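**Student:**
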Amino acid sequence: GQQVMQIPQYQHVQEGEDFTTYCNSSTTLSNIQWYKQRPGGHPVFLIQLVKSGEVKKQKRLTFQFGEAKKNSSLHITATQTTDVGTYFCAGRDTGRRALTFGSGTRLQVQP
Amino acid sequence: SAVISQKPSRDICQRGTSLTIQCQVDSQVTMMFWYRQQPGQSLTLIATANQGSEATYESGFVIDKFPISRPNLTFSTLTVSNMSPEDSSIYLCSVDGQGAETQYFGPGTRLLVL
Chain A
1151 GQQVMQIPQY QHVQEGEDFT TYCNSSTTLS NIQWYKQRPG GHPVFLIQLV KSGEVKKQKR
1211 LTFQFGEAKK NSSLHITATQ TTDVGTYFCA GRDTGRRALT FGSGTRLQVQ P
Chain B
195 SAVISQKPSR DICQRGTSLT IQCQVDSQVT MMFWYRQQPG QSLTLIATAN QGSEATYESG
255 FVIDKFPISR PNLTFSTLTV SNMSPEDSSI YLCSVDGQGA ETQYFGPGTR LLVL
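Order-wise, the sequence lines are chains A and B.
Taking the working numbering as reference, the numbering of the first sequence is continuous, increasing by one, and the terminal residue is 1261.
Taking the working numbering as reference, the numbering of the second sequence is continuous, increasing by one, and the terminal residue is 308.
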């Protein structure tokens, strides 16, 4: 079945440093979504990417979908303590409604 | 957006017992999804619940262990049967947003089995 891996598993940065997490799927995806889960919270939707090579920005966050629609990345510029949490990518196979979640990257930001 | 509530929010249960988790959505939705998130892990889909039909279970999950009801378009229950400590997890229900462009999650039910 479909597998979605993320690296790194964990990253600890100083406030103001940049952060990137990478997501790789074993299959071609119809779209990819990114979620943020704060400690003790539930996943909250950030964005969806649909087109091959698509790049979207939300303030300090930049999301990219690979040309082959099998990988994606999330880049945070100048991290803040409010960015702390676990970031999950989640992919959808063609014809399937349910999401397959990546393994997640836990971000810790040192003030 | 969809607002989802779950009951209970948390519970501590004895092994061998069963717990039923309720999920209520503030709008009618076709599909509801049940996920499990074990401590420090990612989300794993348990099953997809459609109103008026049997739930579709993912590999590794069976109806006898996780029976699901979907009596109407705004409500679903997931039962964790004959619990063991390995069932200690957060259980989350979710629904698709408009056009399935996003997925909304309930707050989760934190289950600890002793």
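We put the beta carbon where it would ideally sit given N, CA and C, even for glycine.
All values reported here derive from a predicted model rather than from experimental measurement.
Would you mind sorting A:Pro1158 into buried or exposed? The rule is 16 or more other CB atoms within 10 Å of its CB.
**Tutor:** It counts as exposed.
**Student:** Does the stretch 1168-1185 of chain A touch the stretch 1214-1226 of chain A, meaning 3 or more C-beta pairs lie closer than 8 Å?
**Tutor:** With a cut-off of 8 Å, the stretch 1168-1185 of chain A and the stretch 1214-1226 of chain A count as touching, because enough Cβ pairs lie within range.
**Student:** For A:Leu1211, tell me which candidate among A:Ala1240, A:Phe1169, A:Asp1243 and A:Gly1241 has the shortest Cα-Cα distance.
**Tutor:** The candidate whose alpha carbon is nearest that of A:Leu1211 is A:Phe1169.
**Student:** Under the three-state reduction of DSSP, which class applies to B:Pro194: helix, strand or coil?
**Tutor:** Because chain B in this structure spans residues 195 to 308, residue 194 of chain B falls outside the shown range and cannot be described.
**Student:** DSSP on A:Gln1183, reduced to helix/strand/coil?
**Tutor:** Note: A:Gln1183 maps to strand in three-state DSSP.
**Student:** Please report the straight-line C-alpha distance between B:Arg264 and A:Leu1249, rounded to a whole angstrom.
**Tutor:** Between B:Arg264 and A:Leu1249, the C-alpha separation is close to 20 Å.
**Student:** Under 7 Å between beta-carbons, which chain A residues line up against B:Phe227? List them in chain order, please.
**Tutor:** Going along chain A in sequence order, the residues near B:Phe227 (Cβ under 7 Å) are Ala1248.
**Student:** Going by DSSP in three states, A:Asp1233 sits in which element: helix, strand or coil?
**Tutor:** Residue state, collapsed to three classes: helix.
**Student:** Can you tell me the Cβ-Cβ gap for B:Ser199 and B:Gly300, rounded? I've got them flagged as a contact below 8 Å.
**Tutor:** That belief holds up - the Cβ atoms of B:Ser199 and B:Gly300 are roughly 6 Å apart, short of 8 Å.
**Student:** Grab me the residues of B:Ile262's own chain with a C-beta within less than 6 Å of its C-beta, minus the 5 sequence neighbours each way, in chain order.
**Tutor:** Correct list, in chain order: Ala241, Ala243, Ala249 and Leu272.
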